[in-house]
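Read the sequence shown against our numbering and you will find it ends at 980, with the numbers running on by one and no gaps.
Backbone N, C-alpha and C define an ideal beta-carbon position, used for all residues, glycine too.
Just so you know, these numbers come straight off a predicted model, no measurement behind them.
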Amino acid sequence: MTRKLNRRMALIALFVGICSLFPQPLPFTPLQAAKEAAAAADSLAKLELGSTGKYSYDHYIRQYDSAVRPQRELIVRGDAFTGTDGMDVAVIGGVEGADGKVVQTGESGTVSWTVEVPEEGLYHMALRYRSMPGKGSDMDRELLIDGKLPFAEARNLVFHRLWKNEGDTVQDEKGNDIYTKQTEVPMWQEASIQSADGRHEEPYSFYFSKGKHVITLVSEKEPMMIDYIKLYQLPEVPSYEEVSRSYKAKGYKEAPGAFIKIQGEAAALKSSAVLYPMMDRSSPATEPYDMAKIRFNTIGSFNWSEAGQWISWDIEVPEDGLYKIGVKYNQSMQRGAASYRKLLIDGTVPFKEAESIAFHFSPDWKMKELGDGQHPYLFYLAKGKHQIRMDVTLGEMSLYLRTIESSVLELNNMYRRIVMITGVVPDEYRDYQLELKLPEMVDVFRRQADLIDSITERIEKAGGSGDRTATLKRIVYQLREMADHPDTVARRLETFKSNVSSLGSWIYSINNMPLSIDYLVVASPDRNMPAAGAGVWANVKHQVGSFALSFINDYNALGTSNGKGGKKIKVWITMGLDQAKILKRMVEESFTPETGVGVDIQVVTESVLLQAMLAGRGPDVAFSVGNDKPLNYALRGGVEDVSKYPGFDDVKRQYSESAFVPYTFNGAVYGLPVEQYFPVLFYRKDILEELNLEVPQTWDDVYAMIPELQKNNLLFGFPIQVLVKTGSNVQESGNLPVNPTYGTLLYQKDGTLYSQDGQTSALDSETSVQAFIEWSELYTTYKLPIETDFTNRFRSGEMPIGIADYTRFNMISVTAPELKGLWDIAPVPGTKREDGSIRRDVPASGNAAVMLKSSKHKPEAWQFMQWWTSSKVQAKFGWESEAIFGPAGRFATANLEAVGQLPWQVKDYKTLMEQWQWAKGVPEVPGGYFTGRHLDNAFRSVVISNEDPREAIRNYTRFVNDEIAKKRKEFGLPEGEKER
């Protein structure tokens, strides 16, 4: 018994001893919870939302946070400019809508004004301007104060043109609505200088000290007239509660018995030509509605989604009084998010709440009575005409977007610094001691986690769904894990990079605010708003009828536009359905009315085109077919030589000579260029400056730069295309084109791909061999990776410089908004000649439009090809495409004049034109599809299998020559001499 008791006492003593080694926390009390909550709230309050960039507007305005705002207005007349540089200006009088003389400014150069500021402080700035004949784009300007850029955002200021419907909607002989042309309205506008991308809701404030200052506008795109520049203070917008009290104080009464409906498609003015009436058949309650016919009954959708775009409607009320406003809308495009609009009446925001009106997601049409959710807002309108305008705004999301953009930039910067130590593929068994080598790393991770977490909470409180915040939560979790366990950072590096990249995608998705409007209602407060949906039986009738008519009618609106006298051609397009719809609308707007030729448009794939052509059942015209297709079709007697048609020389003058090279064979031209692509040099200005490196001008500069980059585990990017899909290096066609890097080296040495007029390959010539050796040495000597995702690596900073197709420009602009102002493009590095000049030749690729030989309507088909390849039509198609797909979908037209009409900034346009002069078309020959394929085989045998480059290229050239000889014999063409 005593032994058992002693054993128990020993166990108790052991337990007590163990517990003493691990002190237990004190009980969790309400007081402790309150203290911790207060500490957490204080920590969040210290978080600085918005952009943290050194040159950002947020940083600029924080410096003058305590500056006064003088209540005065200063006017600087446009014709009182005091200096110009590189700009042709003209002072003119008698312009309608202007009191005195105005100044006409050009699309490039600078113009300056001197202003005497009597009192220092912050001022808003406005410009009274009027558009001038140009390319149809908005006017882009950069603002300097005393010769300096006040903040980065002042580099990109946009002044919109005005547009309206050209007349009422008309119908064709079948009763379908025909698309209404959009025409520009040249009129004076006073616009505050503000964020072009909606990142800041209020106009910019500029600090001026007392005394003289010089205001300079740098023209980036399009000319415009300027009446005056105004420095002023924006009046404070009252709350609705204050406005409501003022109604009572003034004795305003509710207007009785009024009910005014304004159709959305009947807009008076718009800020963009792409805001045209659209068709919606999703509900029988849309107005006007027809089950079988095409009715353009809405406006907006994705075309009305970019911050700064606006639409206005004219209304007329019968008497003075208070009215309410309703909007029938559809916002089914952004799941789990709201689209925001700013409401202006007669050019003024009536109260604070109208600055950001949320239209929440709904799969169906909704009627929104503008109000606080319980009571409608009332608006005082005097008897007569008024203008209701709605602007796309980012609302509360603008601050969140600026914050996340700064976070992405800082996290990518930290990722790059980590990579400089670990390399892109770290050794998972090695401890890099990153927390010691980068002592600020953990703090950056914790701070960014707190910032992003606070944004997540705010979005969810505002009603955002988990779908919109899942990306943010994922990166927050990882950042906190890496901060708590810094030894795991190296092995989490790839996931970290992926999550940061996902933040960029999140920014892009949030940045769009699409909204469709059926109609607006201005009514007396006692009137009920109409129901947005139809009744049960109306919906049943609609669904059953639509199903039955689907066997007869073309709901994609692609079918046939009817010409005069039954004239009609068939056009096949290998682009997407959305592009085909744009083409259909343009055909109905201009081609068919002007020529009387109807067009039947169908979307097909290239493989279907070849089969139909061989069967003699193809279309009259087809586009966009790859560079290699026109010659292959021509050798089989499938396509026409378009050079023999009247007006061909006029068409050709609109393009560069290089654009026709792939479609020209034995003096005949078998296609007209549609798109053309070529490489340019992309570079990160911030990283090159940090590394003290300059943009390379020659290949010698490139060879000197690569080791400097590799010292920091960074890369120089070169394009590689493969037949299989591997990330961004996708080659859809079975024909592998000549590698752009090899083509650049070859053409800069004045080399060629073929000899004897295309009868044999020239890959084994001494010039070609030297180019091949230099190309392969980039990967054997410098150990560059063969396959890379240039866009993501450029964004993260792993690849701060690289050669890539110029079409990547808009992709980077869209997917990496946080890099705005931190990167640029330049002509590719060249080869220095004896006279000191530099050759910058690059290979170009593209696609074409062809006329099939079996066409029974060749004159009409040629009319269509002339119309389609004209600069006006190509530019309009580009604008329409960009309205749907955004800047990432910018059309790479081969028409030189049309390129100038697309929304490129002047500096970027000049770079493209400079490189375009050096673009060389890659000729197509029978059997030429073996050239790119075996060039790539030779390259990989050298890089992967360590073969001798000279022997490798010579061996594979024999295969190319054999195929060329085989094809020339097959098609009855003279064979070249056997070489070596």
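The straight-line gap separating the alpha-carbon atoms of residue 167 and residue 456 is approximately 47 Å.
According to the DSSP assignment, residue 367 belongs to the beta strand (DSSP E) that extends over 366-369. A distance below 9 Å separates the beta carbons of residue 270 and residue 312. Here residue 163 really is in contact with residue 182; their C-beta atoms are around 5 Å apart, less than 8 Å. Per DSSP, residue 301 is one residue of the beta strand (DSSP E) stretching across 296-301. Bridge pairing for residue 232: 124 [DSSP].
For residue 469, the three-state secondary structure derived from DSSP is helix. DSSP, read as helix, strand or coil, puts residue 520 in strand.
Inclusion of residue 280 and residue 518 in the CB contact set at 9 Å is warranted, their separation being smaller than that value. For residue 310, the enclosing beta strand (DSSP E) has its first and last residue at 310-317. With respect to the C-alpha of residue 103, the residue from 87, 972, 56, 666 having the closest C-alpha is 87.
Per the DSSP secondary-structure output, residue 338 pairs in a beta bridge with 360. The beta-bridge partner set that DSSP reports for residue 113 consists of 215.
Taken in chain order, the unbroken stretches of alpha helix (DSSP H) that lie wholly in the region 883-970 and span 4 residues or more are 896-901, 906-916, 929-943, 949-970. Going by beta carbons, residue 737 and residue 721 fall inside the 9 Å limit. Our two residues, residue 661 and residue 963, have alpha carbons roughly 21 Å apart in a direct line.
DSSP places residue 448 within a helical segment (H, G or I) once states are collapsed to three.
For residue 408, the uninterrupted alpha helix (DSSP H) run begins and ends at 397-422, by DSSP.
In this chain, the alpha helix (DSSP H) harbouring residue 861 covers 858-868. Separation of residue 82 and residue 214 (C-alpha to C-alpha, rounded to the nearest whole angstrom) is 9 Å.
A Cβ-Cβ distance of about 16 Å is found for the pair residue 476 and residue 507, leaving them out of contact under the 8 Å criterion. Ranked by how close their Cα comes to the Cα of residue 273, the residues 184, 636, 821, 784 have 184 in first place. Collapsing the DSSP output to three states places residue 656 in coil. Rounded to whole angstroms, the gap between the alpha carbons of residue 188 and residue 128 is 7 Å. Distances from the alpha-carbon of residue 322 to those of 352, 256, 310 put 256 closest.
Around residue 622, the same chain offers 572, 609, 850 as residues with beta carbons nearer than 6 Å, after the five sequence neighbours per side are excluded.
The closest CA to that of residue 74, considering only 229, 220, 204, is found on 229. Remark: three or more beta-carbon pairs, one from each stretch, lie closer than 8 Å, so the region 206-220 and the region 140-152 are flagged as touching. In this chain, the beta strand (DSSP E) harbouring residue 92 covers 90-92. When rounded, the separation of the alpha-carbon atoms in residue 954 and residue 752 is 15 Å. Under DSSP, residue 330 takes part in a beta bridge, and its partners are 516.
Residue 958 and residue 765 have their C-alpha atoms roughly 12 Å apart.
The alpha-carbon separation between residue 604 and residue 580 amounts to approximately 10 Å.
The beta carbon of residue 792 sits closer than 6 Å to the beta carbons of 501 from its chain, once the five residues preceding and following it are set aside; these are given in chain order. Closest by C-alpha distance to residue 360, out of 388, 348, 376, 329, is 329. With a contact defined as Cβ atoms closer than 8 Å, residue 299 and residue 326 miss out at about 16 Å.
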